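Numbering (the UniProt record's numbering), first residue to last: 1 to 377. We put the beta carbon where it would ideally sit given N, CA and C, even for glycine. It should be emphasised that the depicted structure is a prediction, and the values quoted were computed from it without experimental measurement. Presented below is the structure to which this report refers.
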Ligand code: SF4
């Protein structure tokens, strides 16, 4: 499908029906799965087969293929990154998040001095790729705050990623020269009705504005865009189809930009939400392999939300970047109390321990994004 220049993803999205896609995924057969595995290149129909229940008995085969394709494209390297939470202020209510406005937790936004202190602690762990995270509080943590933060952070890191509220195109354009490389913007769920239930208040309740964020980023000329959904809110297979559709659309339209996919599963937090749909470890492995077999170029990222054992086992299957030693509260590396966390992390190992685990498995942990440092890609 060729996308007309003016067509945004929300226009494409309107042509699809959730229930129809879901029933197409669930009606895929073992023959469809075998065809998808044996083809040299796969389309979205094949992706549906690979994430379908019919693919469950083919997990071993999928894992081997995924491993092979990942090694061919990425070698035996894993990129290391760490989040820095700048603020937990938030004007939104999101049913699944510890920072939600209706959670009565102490709020704080890092001052310039506190940011510098976090930088010192993070650099001491060896990191060169940082992910800046905030809630959505536009008055205190808006463009001007980000600009100040970037000026402080940019000299110390060769790759800066951002996971904050969706911004306008011109705001991204102002941050790129200050060092912004990557923006992560997860749709949470592509199920529009459920999206409304989980985002009842605040700017995030605008489904379309969020859906069109990667388009604004693509037009701004960003280096990399990260996509994903929050597993536990809706049927993971259908949500993953829409993520793959989004990815394919973006790759064709903004072909100079790179892309990554993340796999957050709902974790416990203050005022916690019970997942509507459980995603098992086996299913998450199936999905990671399915993405790799569908798309050999996309980066696949796994955070410390997952357990030690799970992370150790999936490293070989297609993952290309991981975090380690993460704190999910503002000021967490210097000394702030743990009680302000966005969610609990599971893998508590230090970056050095993770690096050791990677080396044991024959992988090289990569702390510096050389590609970016020398202006490549
Ligand atoms: S998910 Fe983001 S926008 Fe929603 S409450 Fe949490 S920090 Fe705020």
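#1: How is residue 231 classed by DSSP in three states: helix, strand or coil?
#2: If you run the structure through DSSP and keep just helix, strand and coil, what is residue 164?
#3: Is residue 14 buried or exposed, if buried means 16 or more other CB atoms sit within 10 Å of its CB?
#4: Alpha carbon to alpha carbon, how far is residue 249 from residue 9?
#5: What's the C-alpha gap between residue 189 and residue 46?
#6: Is the beta carbon of residue 115 closer than 8 Å to that of residue 152?
#7: How would you label residue 170, buried or exposed, when you count the other beta carbons within 10 angstroms and need 16 or more for buried?
#8: Can you tell me the Cα-Cα spacing of residue 174 and residue 302, whole angstroms?
#9: Cβ of residue 27 within 7 Å of any heavy atom in the ligand SF4?
#10: Is residue 133 closer than 8 Å to residue 163 when the C-beta atoms are compared?
#11: Could you check whether the region 343–357 touches the region 303–313, counting it as contact only if at least three pairs of C-beta atoms, one from each stretch, sit closer than 8 Å?
#12: Fully enclosed by the region 306–350, which alpha helix (DSSP H) runs are 4 residues long or longer?
#13: Should residue 232 go down as buried or exposed, given a rule of 16 or more other Cβ atoms within 10 Å for buried?
#14: For residue 218, name the three-state secondary structure that DSSP assigns.
#15: According to DSSP, simplified to helix, strand and coil, what is residue 386?
#16: Do you know how far the Cα of residue 29 is from the Cα of residue 35?
#17: I believe residue 398 touches residue 33 by the beta-carbon criterion, under 8 Å. Please report the beta-carbon distance rounded to the nearest angstrom.
#18: So, for residue 275: in the same chain, excluding its five sequence neighbours on each side, which residues have a beta-carbon less than 6 Å away from its beta-carbon?
#19: Quick one, which of 251, 109, 318 and 82 has its alpha-carbon nearest residue 326's?
#20: Between residue 202 and residue 136, is the Cβ-Cβ spacing less than 8 Å?
#21: Just the C-alpha distance for residue 60 and residue 363, rounded to the nearest angstrom, thanks.
#22: Mind pulling the beta strand (DSSP E) runs of 3 or more residues that sit fully within the region 241–291?
#23: So what does residue 80 bridge to, in DSSP terms?
#24: Using the Cα positions of residue 118 and residue 142, report the straight-line distance between them to the nearest angstrom.
#25: Which same chain residues, not among the five before or five after residue 366, have their C-beta less than 8 Å away from its C-beta?
#26: Nearest by alpha-carbon distance to residue 229: which of 220, 216 and 210 is it?
#27: Could you say which of 177, 104, 256 and 234 lies nearest to residue 198 if we only look at CA atoms?
#28: Could you tell me which of 354, 333, 318 and 368 sits nearest to residue 65, measuring between CA atoms?
#29: Does the ligand SF4 have a heavy atom nearer than 7 Å to the CB of residue 136?
#30: Taking 7 Å as the cut-off, is the C-beta of residue 90 nearer than that to any heavy atom in the ligand SF4?
#31: Tell me whether residue 221 is buried or exposed, calling it buried when 16 or more other Cβ atoms sit within 10 Å of its Cβ.
#32: Whose CA, out of 297, 182 and 356, lies closest to the CA of residue 71?
#33: Considering only their Cβ atoms, is the gap separating residue 161 from residue 138 smaller than 8 Å?
#34: Between which two residues does the beta strand (DSSP E) holding residue 183 run?
#35: Please name the residue in 300, 69 and 205 whose C-alpha comes closest to that of residue 247.
#36: Considering residue 364, what are the terminal residues of the beta strand (DSSP E) in which it resides?
Quick look at the numbers:
#1: One-based indexing of the chain shown puts residue 231 at position 231. It is a strand residue.
#2: Position 164 of the chain shown holds residue 164. Note: residue 164 maps to coil in three-state DSSP.
#3: Along the chain shown, one-based indexing puts residue 14 at 14. Result: exposed.
#4: On the chain shown, residue 249 is found 249 positions in, with the first residue counted as 1. On the chain shown, residue 9 is found 9 positions in, with the first residue counted as 1. Spanning the two alpha carbons is a distance of roughly 7 Å.
#5: Numbered from its first residue, the chain shown carries residue 189 at position 189. Numbered from its first residue, the chain shown carries residue 46 at position 46. Going by the C-alpha atoms only, they are around 22 Å apart.
#6: In the chain shown, the residue the question calls residue 152 occupies position 152. In the chain shown, the residue the question calls residue 115 occupies position 115. Yes; because the gap between Cβ atoms is below 8 Å, this pair is in contact.
#7: Here the question's residue 170 lines up with position 170 in the chain shown. So residue 170 counts as exposed.
#8: Working through the chain shown from its first residue, we reach residue 174 at position 174. Working through the chain shown from its first residue, we reach residue 302 at position 302. Taking the straight line joining both Cα atoms gives about 29 Å.
#9: Reading the chain shown from its first residue, position 27 is the one you call residue 27. For the ligand SF4, no non-hydrogen atom lies closer than 7 Å to the CB of residue 27.
#10: Translated into positions along the chain shown, residue 163 becomes position 163. Translated into positions along the chain shown, residue 133 becomes position 133. Going by C-beta atoms, residue 163 is nearer than 8 Å to residue 133.
#11: By the criterion of at least three beta-carbon pairs nearer than 8 Å, the region 343–357 is in contact with the region 303–313.
#12: 308–314
#13: As a working mapping, residue 232 is identified with position 232 in the chain shown. Per the 10 Å Cβ criterion, buried.
#14: Here residue 218 refers to the residue found at position 218 of the chain shown. Looking at residue 218 - three-state DSSP - the assignment turns out to be helix.
#15: What the structure shows of the chain is the stretch from 1 to 377, and residue 386 is not part of that stretch, so it cannot be assessed.
#16: Along the chain shown, read from residue 1 onward, the residue named residue 35 stands at position 35. Along the chain shown, read from residue 1 onward, the residue named residue 29 stands at position 29. Across the structure, residue 35 and residue 29 are spaced so that their CA atoms are roughly 10 Å apart.
#17: Limits of the chain in this structure are 1 at one end and 377 at the other, which puts residue 398 out of reach.
#18: In the chain shown, the residue the question calls residue 275 occupies position 275. Within the same chain, 232 and 266 come within 6 Å of residue 275 by CB-CB distance, once the 5 residues on both sides are set aside.
#19: By one-based count along the chain shown, residue 326 stands at place 326. Here the closest residue by C-alpha is 82.
#20: For this step, residue 202 is matched to residue 202 along the chain shown. For this step, residue 136 is matched to residue 136 along the chain shown. In this structure, residue 136 lies closer than 8 Å to residue 202 by Cβ.
#21: Numbered from 1 along the chain shown, position 60 holds the residue referred to as residue 60. Numbered from 1 along the chain shown, position 363 holds the residue referred to as residue 363. So the alpha carbons of these two residues sit roughly 21 Å apart.
#22: Entirely contained in the region 241–291, the beta strand (DSSP E) runs reaching 3 residues are, in chain order, 258–262.
#23: Within the chain shown, the letter at position 80 stands for residue 80. Within the DSSP bridge table, the entry for residue 80 names 322 as partners.
#24: Translated into the one-based positions of the chain shown, residue 118 becomes position 118. Translated into the one-based positions of the chain shown, residue 142 becomes position 142. Taking the straight line joining both Cα atoms gives about 20 Å.
#25: Along the chain shown, read from residue 1 onward, the residue named residue 366 stands at position 366. Contacts found: 77, 78, 79 and 80.
#26: Position 229 of the chain shown, counting from 1, holds the residue named residue 229. For residue 229, the nearest C-alpha among the options comes from 210.
#27: Numbered from its first residue, the chain shown carries residue 198 at position 198. Per the Cα distances, 234.
#28: For the purposes of this step, residue 65 is taken as residue 65 along the chain shown, with counting starting at 1. If we check each option's Cα against that of residue 65, 318 comes out closest.
#29: Working through the chain shown from its first residue, we reach residue 136 at position 136. At least one heavy atom of the ligand SF4 is nearer than 7 Å to the Cβ of residue 136, so yes.
#30: Against the chain shown, residue 90 aligns to sequence position 90. Yes.
#31: As a first step, residue 221 is located in the chain shown; it is residue number 221 there, counting from the start. When all chains shown are included, residue 221 counts as exposed.
#32: For the purposes of this step, residue 71 is taken as the residue at position 71 of the chain shown. Out of 297, 182 and 356, 297 has the C-alpha closest to the C-alpha of residue 71.
#33: Within the chain shown, the letter at position 138 stands for residue 138. Within the chain shown, the letter at position 161 stands for residue 161. Cβ atoms of residue 138 and residue 161: not closer than 8 Å.
#34: Locating residue 183 in the chain shown gives position 183, counting from the first residue. Per DSSP, residue 183 belongs to the beta strand (DSSP E) from 180–184.
#35: As a working mapping, residue 247 is identified with position 247 in the chain shown. Looking at the Cα atoms, 300 is the closest of the given residues.
#36: Mapped onto the chain shown, residue 364 falls at position 364. In this chain, the beta strand (DSSP E) harbouring residue 364 covers 364–366.
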